[in-house]
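Protein sequences, first through last, are from chains A and B.
For what it's worth, UniProt numbering labels the leading residue of the first sequence as 1, then goes sequentially.
For what it's worth, UniProt numbering labels the leading residue of the second sequence as 1, then goes sequentially.
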Amino acid sequence: MISVLTVCGNGIGSSLMLKMKIEEICAENGIDAQVESIDFNAAQGRKADLIVTVKELAEQFEGKNIAIVRSYINKKKITEDVLEALKQAAQ
Amino acid sequence: MLQDLLSEDNVSFHYPAETWEEVIRHGGQLMVDAGFTDPSYTEAMVEVVREMGPYIVLAPGLAMPHARPEHGAKRVGTALVTLEKPLNFGSPDNDPVSVALFLCAPNKDEHIQLLTDIATLFEDDEFLDAAADFESIEDVQAFLAEHLEDQEYV
Chain A
1 MISVLTVCGN GIGSSLMLKM KIEEICAENG IDAQVESIDF NAAQGRKADL
51 IVTVKELAEQ FEGKNIAIVR SYINKKKITE DVLEALKQAA Q
Chain B
1 MLQDLLSEDN VSFHYPAETW EEVIRHGGQL MVDAGFTDPS YTEAMVEVVR
51 EMGPYIVLAP GLAMPHARPE HGAKRVGTAL VTLEKPLNFG SPDNDPVSVA
101 LFLCAPNKDE HIQLLTDIAT LFEDDEFLDA AADFESIEDV QAFLAEHLED
151 QEYV
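Right, dumping it as structure tokens:
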């Protein structure tokens with residue numbers, strides 16, 4: 001089981017959409033993951049196997065395992081952007 | 001769920017805004033008038049964009065302004081604003097914006113179906129063009145009935 005945080009400014013909108021998409025992607029690829037959406041400030045003190053967010057926010061997470069997505073809602077783009085990182089985290 | 005939350009009181013068509021902030025304030029006021037939010041929520045939606053950037057622009061031409069539950073969200077709600085002319089929100093990938101679909105929720109759970117509906121619309125290739133021609137709540141509901149019909153209600 002890997003832990004994944006999806007991050008946006010508020011933790012209830014975009015990051016929750018992203019969480020739902022990532023759960024679908026994990027299920028389709030046989031990756032056992034616990035995904036949680038969270039706001040940017042709360043994410044700072046959290047540990048996770050992978051943090052997924054957009055470029056503007058990613059720059060402020062130094063030294064953590066980050067995957068950058070181009071979209072919070074487009075499943076095709078999200079899959080292209082995070083599937084490899086999810087697989088690596090699950091190994 | 002989106003169909004149930006939209007009425008003629010919280011939709012606005014061809015709004016003549018000059019800045020992204022005017023768009024957010026207009027939609028925010030619609031949500032206040034509908035009893036979904038306190039005025040503080042409108043201010044918080046503006047602050048989110050100032051502080052975190054235009055990530056609320058989720059798809060080409062489409063924005064989902066929102067803030068945190070504790071900033072004055074009273075219950076799950078929404079508002080729809082279409083713009084007279086597309087405006088830049090500062091999003092490198094998705095500007096200019098011509099439709100804003102607002103979101104408020106009092107916690108992290110109750111609005112999941114609403115979010116699912118919004119995501120479905122924002123990924124629907126026909127939504128952006130169709131929204132430009134919306135003139136009434138009936139137009140909106142007709143589109144939603146056709147394009148969200150397979151959605152499961154929770």
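Positions of the beta carbon are idealized from the N, C-alpha and C atoms, including for glycine.
Those runs of the beta strand (DSSP E) which lie wholly inside the UniProt domain "PTS EIIB type-2" (2-90) of chain A and span at least 3 residues:
2-8, 33-39, 50-54, 66-69
Check each residue of the stretch 35-61 of chain B: if its Cβ is closer than 8 Å to any Cβ of chain A, include it; give the result in chain order.
VAL48, GLU51, MET52, GLY53, TYR55, ILE56, LEU58, ALA59
Positions along the stretch 61-77 of chain B whose CB lies within less than 7 Å of some CB in chain A
MET64, HIS66, ALA67, ARG68, PRO69
Can you check which of these residues, B/GLU51, B/THR42, B/PHE13, B/PRO65, is closest to A/ASN41 by C-alpha distance?
B/GLU51
Coil, strand or helix - B/MET45 by DSSP:
helix
As a quick exercise: from A/ILE25, A/LEU57, A/PHE61, A/ALA43, pick the residue whose alpha carbon is nearest that of A/LEU5.
A/ALA43
Nearest to A/MET20 by alpha carbon, out of A/LEU57, A/TYR72, A/LEU86?
A/TYR72
How many angstroms separate the CA atom of B/VAL154 from the CA atom of A/ALA67?
For B/VAL154, the pLDDT reaches just 44, beneath the cut-off of 50, and the residue's location in the model is therefore unreliable, although a value from the coordinates is still provided. The alpha-carbon atoms of B/VAL154 and A/ALA67 are separated by roughly 31 Å.
Integer-rounded CB distance, given that B/ALA79 should sit under 8 Å from B/ASN10:
4 Å
Measure the C-alpha to C-alpha separation of A/ASP81 and A/VAL7 and round it to an integer number of angstroms.
15 Å
Could you list which residues in chain B have their beta carbon closer than 7 Å to that of A/ARG46, in chain order?
Here the premise fails: no neighbours, minimum Cβ distance about 15 Å.
Check the Cβ-Cβ distances between A/ILE68 and every residue of chain B, and say whether any is below 7 Å.
no
Contacts of B/PHE122 in chain A (Cβ-Cβ under 8 Å):
ILE73
Could you compute how far the alpha carbon of B/GLU21 sits from the alpha carbon of B/VAL46?
6 Å
Please work out which residues of its chain come closer than 6 Å, Cβ to Cβ, to A/CYS26, disregarding the five sequence neighbours upstream and downstream, and give them in chain order.
ALA33
Rounded C-alpha distance that separates B/ASP124 from A/ASP49:
32 Å
Range covered by the beta strand (DSSP E) that runs through B/ALA79
77-87
Integer-rounded CB distance, given that B/PHE89 should sit under 8 Å from B/VAL57:
5 Å
So, at 8 Å on beta carbons, what are the nonlocal neighbours of B/THR37 in its own chain, with the 5 sequence-adjacent residues on each side left out?
GLY28, MET31, GLY72, ALA73, LYS74, GLY77, CYS104
Where DSSP assigns a beta bridge to B/TYR15, which residues make up the other side?
B/LEU83
In its own chain, which residues sit with a C-beta less than 6 Å from the C-beta of B/GLU110, not counting the 5 before and 5 after it?
VAL76
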